[in-house]
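Inspection log for the structure reproduced underneath, given as structure tokens.
Number of protein chains: 4
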Amino acid sequence: MFTDKAVLLISCIDKPGIVAAVSTYLYEKGANIISSDQYSTNYQEGMFFMRVEFSLPGEGWTLSQVEEDFKPIADKYAMNWNLFPNSRKKRVAIFVSKEDHCLVELLWQWKAGDFECDIVMVVSNHEELRSAVTGFGLPFYHFPVTKENKLEVEKRHIELLKEHDIDVIVLAKYMQIVSPGFIEPFKDKIINIHHSFLPAFVGAKPYDRAYERGVKIIGATAHFVTEELDAGPIIEQDIIRVSHDYSAAELKRVGRMVERSVIARALQWYLQNRVIIFGNKTIVFK
Amino acid sequence: MFTDKAVLLISCIDKPGIVAAVSTYLYEKGANIISSDQYSTNYQEGMFFMRVEFSLPGEGWTLSQVEEDFKPIADKYAMNWNLFPNSRKKRVAIFVSKEDHCLVELLWQWKAGDFECDIVMVVSNHEELRSAVTGFGLPFYHFPVTKENKLEVEKRHIELLKEHDIDVIVLAKYMQIVSPGFIEPFKDKIINIHHSFLPAFVGAKPYDRAYERGVKIIGATAHFVTEELDAGPIIEQDIIRVSHDYSAAELKRVGRMVERSVIARALQWYLQNRVIIFGNKTIVFK
Amino acid sequence: MFTDKAVLLISCIDKPGIVAAVSTYLYEKGANIISSDQYSTNYQEGMFFMRVEFSLPGEGWTLSQVEEDFKPIADKYAMNWNLFPNSRKKRVAIFVSKEDHCLVELLWQWKAGDFECDIVMVVSNHEELRSAVTGFGLPFYHFPVTKENKLEVEKRHIELLKEHDIDVIVLAKYMQIVSPGFIEPFKDKIINIHHSFLPAFVGAKPYDRAYERGVKIIGATAHFVTEELDAGPIIEQDIIRVSHDYSAAELKRVGRMVERSVIARALQWYLQNRVIIFGNKTIVFK
Amino acid sequence: MFTDKAVLLISCIDKPGIVAAVSTYLYEKGANIISSDQYSTNYQEGMFFMRVEFSLPGEGWTLSQVEEDFKPIADKYAMNWNLFPNSRKKRVAIFVSKEDHCLVELLWQWKAGDFECDIVMVVSNHEELRSAVTGFGLPFYHFPVTKENKLEVEKRHIELLKEHDIDVIVLAKYMQIVSPGFIEPFKDKIINIHHSFLPAFVGAKPYDRAYERGVKIIGATAHFVTEELDAGPIIEQDIIRVSHDYSAAELKRVGRMVERSVIARALQWYLQNRVIIFGNKTIVFK
Chain A
1 MFTDKAVLLI
11 SCIDKPGIVA
21 AVSTYLYEKG
31 ANIISSDQYS
41 TNYQEGMFFM
51 RVEFSLPGEG
61 WTLSQVEEDF
71 KPIADKYAMN
81 WNLFPNSRKK
91 RVAIFVSKED
101 HCLVELLWQW
111 KAGDFECDIV
121 MVVSNHEELR
131 SAVTGFGLPF
141 YHFPVTKENK
151 LEVEKRHIEL
161 LKEHDIDVIV
171 LAKYMQIVSP
181 GFIEPFKDKI
191 INIHHSFLPA
201 FVGAKPYDRA
211 YERGVKIIGA
221 TAHFVTEELD
231 AGPIIEQDII
241 RVSHDYSAAE
251 LKRVGRMVER
261 SVIARALQWY
271 LQNRVIIFGN
281 KTIVFK
Chain B
1 MFTDKAVLLI
11 SCIDKPGIVA
21 AVSTYLYEKG
31 ANIISSDQYS
41 TNYQEGMFFM
51 RVEFSLPGEG
61 WTLSQVEEDF
71 KPIADKYAMN
81 WNLFPNSRKK
91 RVAIFVSKED
101 HCLVELLWQW
111 KAGDFECDIV
121 MVVSNHEELR
131 SAVTGFGLPF
141 YHFPVTKENK
151 LEVEKRHIEL
161 LKEHDIDVIV
171 LAKYMQIVSP
181 GFIEPFKDKI
191 INIHHSFLPA
201 FVGAKPYDRA
211 YERGVKIIGA
221 TAHFVTEELD
231 AGPIIEQDII
241 RVSHDYSAAE
251 LKRVGRMVER
261 SVIARALQWY
271 LQNRVIIFGN
281 KTIVFK
Chain C
1 MFTDKAVLLI
11 SCIDKPGIVA
21 AVSTYLYEKG
31 ANIISSDQYS
41 TNYQEGMFFM
51 RVEFSLPGEG
61 WTLSQVEEDF
71 KPIADKYAMN
81 WNLFPNSRKK
91 RVAIFVSKED
101 HCLVELLWQW
111 KAGDFECDIV
121 MVVSNHEELR
131 SAVTGFGLPF
141 YHFPVTKENK
151 LEVEKRHIEL
161 LKEHDIDVIV
171 LAKYMQIVSP
181 GFIEPFKDKI
191 INIHHSFLPA
201 FVGAKPYDRA
211 YERGVKIIGA
221 TAHFVTEELD
231 AGPIIEQDII
241 RVSHDYSAAE
251 LKRVGRMVER
261 SVIARALQWY
271 LQNRVIIFGN
281 KTIVFK
Chain D
1 MFTDKAVLLI
11 SCIDKPGIVA
21 AVSTYLYEKG
31 ANIISSDQYS
41 TNYQEGMFFM
51 RVEFSLPGEG
61 WTLSQVEEDF
71 KPIADKYAMN
81 WNLFPNSRKK
91 RVAIFVSKED
101 HCLVELLWQW
111 KAGDFECDIV
121 MVVSNHEELR
131 SAVTGFGLPF
141 YHFPVTKENK
151 LEVEKRHIEL
161 LKEHDIDVIV
171 LAKYMQIVSP
181 GFIEPFKDKI
191 INIHHSFLPA
201 FVGAKPYDRA
211 YERGVKIIGA
221 TAHFVTEELD
231 AGPIIEQDII
241 RVSHDYSAAE
251 LKRVGRMVER
261 SVIARALQWY
271 LQNRVIIFGN
281 KTIVFK
């Protein structure tokens, strides 16, 4: 039963009457629309995207009832849709390696009450960040990864994540390329952060190459993980300005700063059910 | 008759069913909702704000018919509402004194096709910018203003603006304080731009005082003009970073840069009917 | 003895030959200039400011020797000057009340190795942040402050700070107005952070008033503390963009974000001896 | 003869005593150092870069005399060096095709007195922008370019530019790849502007591809032209934030905005002799 708020996310082929159908349905159920965002595109696809946040002040409601009720409308318009009650906090797992900047930012904002979620666990292929994690009262799972055991470890990851009913996985500087077999069961639920440069420096030591080229801005991109490396739908990006007198080490430090703010915003929007994936892009209703 | 697009702006006290009523109405008229933004607040007021952009593909429609049709719904919810057909471009008058930076930015973006409006005239209390204006093929009206003739000139301004059916007046560095008698007939239709500092420097020579205090950012604010000087609803703000080695003159130059981009964005949003005024603030649906 | 790096900060009335005198002196001592920034102004004052970072590869040098050597040159030009050897880390005390965002940011960056300093202690007028501080292995001093005991407590603060040889005090959301008697012994050594708005909202509940006015940016200012409240020389400022759908609570959250990045940059520049105070402004050699 | 200001730009292998030698030289000549920036790197190269701005109040000085005087010092340290008297304004040629946004920005800032230079001519491979240019009282040269006549046209470009003693060429959306034969005589003197994306989209229709990937920021890069396409030393970069509801056309419009501000800043710094090229990067003394 939920008596407070929920978010409905919809994507489907655009047709007249969708907003009317959804809002009339909610009105008749006694819901109060708190905010409603809608975006249509006729670029190639003619797609319709909607986010409705509403409260259901009545009693006796169950989530499954609302879902059952809404099904005929959803079917009529062939919607992809999800209903997220606020009472059901998303369950988050954070994957890290040795660098702590993204991890600590997320844990601090979470402890400060800025994230509406349960951070359930931190998983790492190294030991280094154990005390940082347990200091927040969170379990820390260490799975050493080698070329040989990688797929086996990923199976154990999946078991652990399933067992704890994890909704979203944040790769917060997890320096392992995850395999398709890991991505598949968590499709559209794995968020990664990586540095970004203008222009791009593909390959090893990007900060050294950015230094050599004398870039004037350092960026970061948070995106969903897909099979193609670092090419999934972008959730958020940002940059910080630098100058010639930043060493490669200082560029890295700036990179850490921009990475931690970008991953935090991306997770926030995901937790608030503001992000819809379509093809290889996102709609982010801010 | 309009067969293309229109924007409906609504503000009223929040009640269940408003979105349903509006979207069902549009659906039944055969309209296609292109985008819909809605914002509700229960901070003090419990107000509801909505912007719907839609197309009306049918024929035989007149604006007055739609307005007449929608009236019962609007009345039921005691809405403040406006319907803006795209076919009716807003008519803009720009007021300037001697500085050209905001004027030229607006005229250039307009000529580049970025503003959907008719810039109808430029009014000035000085002669300096005549050729800049006539070079764009626009009429330039020069009304010298003195302490003695100020109210008389404002009457002639009002006549001229009424005669040309002006929808919005941009004070693009018009260095005169306009009187209540001028504001009243154009309530919520006069946009001003002015520099902003952190902290604020009230009084004369703000750039000199900002220099003396060593400010690190220079800002600008675009706002609607109300009787209280520079205290009307804010439409847009921005800043540019500066350092100790900017002279007061260079701070002014930076101020010009930020002023022209802020006034251009504020006008753009107004022209696209994205701005609703409520009390002393704006809702800007971007 | 110091065999590595040092920074020399100079301010004096501008005259020909200063750069030559300083650089020739350093050359003759065998120093290698790593970076040198110089700024002159003929706005009113005709002042000269210089920051030189150099290494002294030779042996047998003592700080007092260099100071003694340089004195005739300094006297000739009536310089205000300070020599900061890198080997002597600045000793920092952080003052807090109940809000932890600035504190945690500073401690995290310090632990990450980004600040070259010793954070020696945290002082608070409340108990709330004790465990956050002791978790970093730092002493936490709690001095409850009342209207009656305020001056007495400040005396004990001063004793404690003197006893621990503190170089810089960061008021990281210390919600007490410090009195002139506290400022005087730490003149130009107390850094404060506070929110800033465009326009300024003087008085109580600034975020509520910013919400009511519908501001589009939220800012923060780090400055040195002087007797006039929040009017001391500005070290750094920044802003984050917001929109109408931020509640007053969310504006506060954004305020925390911008405050913590601004105070961290201000402290960083101070620790790197990049900040010279002149009159009521700063020269920051970045 | 020059009795006012000049800038000296120096790059050489770092050795002790360079700053002392330069500043002592200037002092002995009676020069007053207005500002002095210096940057050394021991990353790989161990290079030294310096920008000194000074005034020479005395009479009877000629540029060639100063150059002759300074030569022994320059030779001693094997400097690359250039002396730029303020009295000798840089002569600028702007190359354009059909898009006017960068051109108009540069001409407007120039007319506003923000650029200390002579804009001598505008060259285009199209007719479209003739009146925009002649309206500023500038000559407009139209050279249609085909695959067949390209090298021939470039020869005529070079003749024209040499004849008018051009110091810097700004490719302000000149949609032709210039050949090595054109670059060679104007090495380090051709500035180009182009869009930049995170991640990079190499190939045709980058804005369409950025739209498809749903990028959240649109950038621009100003750089010196080298033989490798768009890979020369970066002078300045910036970005503007966008969202999912920007069409590909609107992304292009944002691209124009960021391009014009970036090219203007890059040209400004070049005109003020703030830019030193070293390898494939720039040192920009701001």
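Protein chains in written order, with full-length UniProt numbering: chain A, 1 to 286; chain B, 1 to 286; chain C, 1 to 286; chain D, 1 to 286. For each residue, glycine too, the CB sits at the ideal point set by N, CA and C.
C-beta neighbour in chain D for residue i, strict 7 angstroms
| i | result |
| --- | --- |
| T41 (chain C) | no |
| A78 (chain C) | no |
Residue i and residue j closer than 7 angstroms at C-beta
| i | j | result |
| --- | --- | --- |
| Y207 (chain B) | K252 (chain B) | yes |
| A266 (chain B) | A222 (chain B) | yes |
| K5 (chain B) | N82 (chain B) | no |
| K173 (chain C) | E99 (chain C) | yes |
| D114 (chain C) | K89 (chain C) | no |
| E105 (chain C) | R260 (chain C) | yes |
| V170 (chain A) | F84 (chain A) | no |
| M47 (chain C) | S97 (chain C) | no |
| F143 (chain A) | V133 (chain A) | no |
| I218 (chain B) | V262 (chain B) | no |
| G214 (chain C) | K281 (chain B) | yes |
| F140 (chain C) | R130 (chain C) | yes |
| C102 (chain C) | I234 (chain C) | no |
| A164 (chain C) | V92 (chain C) | A small correction: the amino acid at residue 164 (chain C) is His; Ala does not occupy that position in the sequence shown. No, they are not a contact pair. |
| N80 (chain C) | S35 (chain C) | no |
Distance between residue j and residue i (C-alpha atoms, nearest Å)
| i | j | result |
| --- | --- | --- |
| V168 (chain A) | V123 (chain A) | 13 angstroms |
| A248 (chain A) | I239 (chain A) | 16 angstroms |
| Y39 (chain B) | I276 (chain D) | 51 angstroms |
| F182 (chain A) | V225 (chain A) | 10 angstroms |
| E228 (chain A) | F278 (chain A) | 16 angstroms |
| V19 (chain C) | H195 (chain C) | 39 angstroms |
| K15 (chain A) | N32 (chain B) | 8 angstroms |
| S179 (chain D) | K189 (chain D) | 14 angstroms |
| I94 (chain B) | V284 (chain D) | 39 angstroms |
| F54 (chain C) | D37 (chain C) | 12 angstroms |
| Y77 (chain A) | F70 (chain A) | 11 angstroms |
| F136 (chain C) | L160 (chain C) | 20 angstroms |
| D75 (chain B) | R51 (chain B) | 17 angstroms |
Within-7 angstroms CB hit, residue i to chain B
| i | result |
| --- | --- |
| W108 (chain D) | yes |
| I283 (chain C) | yes |
| V262 (chain D) | no |
| P85 (chain A) | no |
Which residues DSSP lists as bridging residue i, in chain order
| i | result |
| --- | --- |
| N192 (chain D) | D:L171 and D:H223 |
| F48 (chain A) | A:C12 and A:S40 |
| T282 (chain A) | A:I277 |
| H142 (chain C) | C:S124 |
| V66 (chain D) | DSSP output for V66 (chain D) lists no bridge partner at all. |
| A132 (chain B) | Looking at the DSSP assignment, A132 (chain B) forms no beta bridge with any residue, so it has no partner. |
| L83 (chain D) | D:L8 |
| S23 (chain B) | The partner list for S23 (chain B) (beta bridge, DSSP) is empty, contrary to what the question assumes. |
C-beta neighbour in chain A for residue i, strict 7 angstroms
| i | result |
| --- | --- |
| L198 (chain D) | yes |
Short CB-CB distance (under 7 angstroms) between residue i and chain C
| i | result |
| --- | --- |
| I183 (chain B) | no |
| V96 (chain A) | no |
* Examine the Cβ distances between the region 13-25 of chain B and the region 266-283 of chain A and report whether three or more of them are shorter than 8 angstroms. => no
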